[in-house]
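When we follow UniProt numbering, the leftmost residue of the sequence shown carries the number 1, and every step to the right adds one.
Notes to accompany the following structure.
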Amino acid sequence: MKFFKSKTKKFTLLLTSTLATTALVFLTPSLIPHKTNKISYFSQNPSISVYPKPSEIPELRIKNLPKEELSYLQKTGLSGIKSNLQKIVLDSKKFPISEDFLSFVNDNINQIEQEKDIVKDYDDYWNVKSIQRIFLFYNYKLWKQAFSNPDDLVLTSEDKDEWKKIFIQKSNEIKTLSEKKQTINSQNYLKDFYIYKLQEQIKLYEQYPYYLQPLERLKKLLYYYQNNYDELVNFQWGIDKNNKFSLDPSKYYSGNYKWIQINDEYIKNWLKYYQRWNWVFINKEDQIAKIEDKDIKALEINEKFKNNKIISDYIKRQINFAPDRYDELWLTNPEYPEKVKFKDVLNTDYNAQRKEVIDEINKLNLKFNNFQTTLNFEDNKKINVENKEYKFYDTSQLKDFEYEKFWKYQNFLELKDNRGIGSLNTFNIYNNLLWERPNLFSDGLYKSINSELIKPVHKRTKENDHIVDYASELTDEEIKQGKRFWKDAHWINPIPEYKRWFNHWKEILPKIINKNWDDKTKIKAVAYYIATNSLYLSPIKKQFNYNGYGFYNPTQIFTNDPEIQCVGYSMNLAAALTILNIPVRILGGPYLGSPIATVAEGGHAWNEVFVDGRWKAINLTWFDYSETTNFSKETFELKDDEDLFLERSSKHMDQFKLNISSYETTLMFFKNPKEYEYQDLPESI
């Protein structure tokens, strides 16, 4: 369209807007000859949309003209604006419009009533009335669309009320932004709503204060979201000034740190994750009853062993956390091994006691009775692989164990990796004959007594612009003096800590387990608790946490430095499920990284539970959120986009091979149907 030139007529442009669309309407003025013969020129930009955004409105130069009476078409335009304003008034019955904004709209309607017949200065008419109302209607349209398309986190009636509340407050922006000729940013509505959701989720975790990391993380997310939006921020765990494990470390800086970009998407994904796990919060009336020792089946000694002193004493040692690995303690003080201190340990020889127990088990004529009474660590066995001879120790607890079959299953991983040692047994496989179902005490993994430090030495370093603290056995000066940790470091007796840890699990489980859940749901709830109350001790080369406890020790989940590694994860799950009388195994073996690997990347421990009619693996270490992956967009505490219960035959479990103890017990006691079995596992021992 082009504007006409005329000596007697002048066409002017009036911008108006409707509720549904913001349109350009071209109106003539009065079509009455002006008192002057001067002609005004206006050129229209052909690129302007029929439904323009305010940013598309051209910058028009309006000449100062004498006052004139509004034309018929101008009056019609004002009438259209009035009609659209009246529609907003009608909308107020179903949309959350604030009283202030509604008052503003009504004032505009009244103003139009007053304007309809009076003479106006044209510049004032254009700049104040037309432009501001175009922004007004466009912003109202954006506001209305945003409210009508709520975020998918608006679920509960409380959420809907908050959504309305936010939009009532934000409706005032329609006026203020329009007066400034600015458009609404609907993302701000989301931000306000996400802040509300974060606050509500924080309240939940404060009401059920059993989950350390979610509460700490949510508080930190809220702070960063309010103060560091769209910035790269640091999350580092450690011990704070109040001696608590938190995301505000000052006393001790953990190796668990990462950089994160804070934005709406990241916050929303965390909110969605936590919302999926809100089912773990249980009412008091739905809690299981207080747990006492008499309720735990694994603490009972089978009737057929009660009168056998050798066997019953052996079982008592296991359930009192005095396993064979701690023989120095219970041989020094058989009645109270937990009271033995490092300076009191006697030089003892456990071989006689071991032989006595195994001889007695062989005499019982149980399912298996071919256990070796002594392990031969002097005469190495030999095997030829690819024209190369390998030596290894005979570590099997079975007589005449078929090593060639085992090494072929393992693809010779530990044979090639352990420098002539082979595969070490990690627990006594005959334990599974002494309990009706596998549990913490039958499969427990323990390290030597000198792996827990009584007085750890803290050393501070700098890694990737982060402060990181390490706990060490000796000071640098002591090391220079030639001292060695296995000889000169002072260790903690671990037995009392294990007993406190087990009792703590008995206290916490009634608070997090619903009596109406089935076993699979209980297992998931326990797994979530462990994942939200522990972190992987990083970096992997770390041997001790802040308190001087080794990476094997699971008890640290209840301390101010709950950093553990794979044994800690699997022992904690085993402890909780044992107390709940749910069968659970602890397994271990080399990690391949790839099913076709020929060299192990390290050792690993995981669990198995009996669900769906077969044994399935649970790998909590892998399913827990990594606190060390920089710039990661992952948002979970316990990975839940995959099934927690992994088939032995799954691709995930193909990354691992069983060590000799796990291999033997799997084939002896816990086989699966062939289609659900570990890859390459033979059919018999």
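For each residue, glycine too, the CB sits at the ideal point set by N, CA and C.
A Cβ-Cβ contact shorter than 9 Å links Y676 with W615. Taking all protein chains shown into account, T666 has 16 or more neighbouring C-beta atoms within 10 Å of its C-beta and is therefore buried. Between the C-alpha atoms of N533 and S442 there is a straight-line separation of about 25 Å. The Cβ-Cβ distance between N384 and Y390 falls below 9 Å. For T665, no beta strand (DSSP E) run applies; the uninterrupted alpha helix (DSSP H) run containing it begins and ends at 660-669, by DSSP. If you look at S472, you'll find it in the beta strand (DSSP E) that goes 466-472.
In the structure shown, K616 adopts extended strand secondary structure according to DSSP, grouped into three states. Annotated three-state conformation of V357 is helix, per DSSP. Judged by DSSP in its simplified three-state form, K251 adopts coil rather than helix or strand. For F235, the enclosing beta strand (DSSP E) stretches over residues 232-239. Contact between S178 and F101 fails: their C-beta atoms lie close to 10 Å from each other, not under 8 Å. Its Cα nearest to that of N547, the residue K459 stands out among K459, A352, D612, L573. Contact annotation: I88 and Y140 have beta-carbon atoms nearer than 9 Å. When DSSP states are grouped into helix, strand and coil, P96 belongs to the coil group. DSSP lists no bridge partner for V105.
S451 and I311 have their alpha carbons spaced roughly 28 Å apart. The alpha carbon of L221 has as its nearest neighbour, out of K251, F669, L190, I262, the alpha carbon of I262. Annotation: the continuous alpha helix (DSSP H) that includes W143 extends over 132-148. Look at A289 here: in three-state DSSP terms it is coil, with no helix or strand label.
For Y253, same chain residues with a beta-carbon under 6 Å away, outside a window of 5 residues either side, are G238, I467, V468, D469 in chain order. With respect to the 9 Å criterion, Y211 and Y446 are not classified as neighbours on the basis of their beta carbons. When DSSP states are grouped into helix, strand and coil, F281 belongs to the coil group. For Y430 against Q397, the beta-carbon gap comes to about 7 Å, under 8 Å, which counts as contact.
Rounded to whole angstroms, P150 and N228 show a C-alpha spacing of 25 Å. Here F610 carries a strand assignment [DSSP, helix/strand/coil]. For K191, the enclosing alpha helix (DSSP H) covers residues 187-207. Between G593 and G603, the C-beta spacing is not below 9 Å.
The C-beta of G482 has fewer than 16 other C-beta atoms within 10 Å across all chains shown, which makes the residue exposed.
By alpha-carbon distance to D612, the top candidate from L577, F645, F104 is F645. Residue range 495-512 is occupied by the alpha helix (DSSP H) that includes H504.
Bounds of the beta strand (DSSP E) holding R460 are 457-463. Relative to Q275, the option among D159, K399, N283, K181 whose CA is nearest is D159. Taking the Cα positions, T621 is about 16 Å away from E601. Taking 9 Å as the cut-off, the beta carbon of N302 is found no closer than this to the beta carbon of W491. For L587, the enclosing beta strand (DSSP E) has its first and last residue at 584-591.
For the 9 Å CB-CB criterion, F147 and P96 form a contact.
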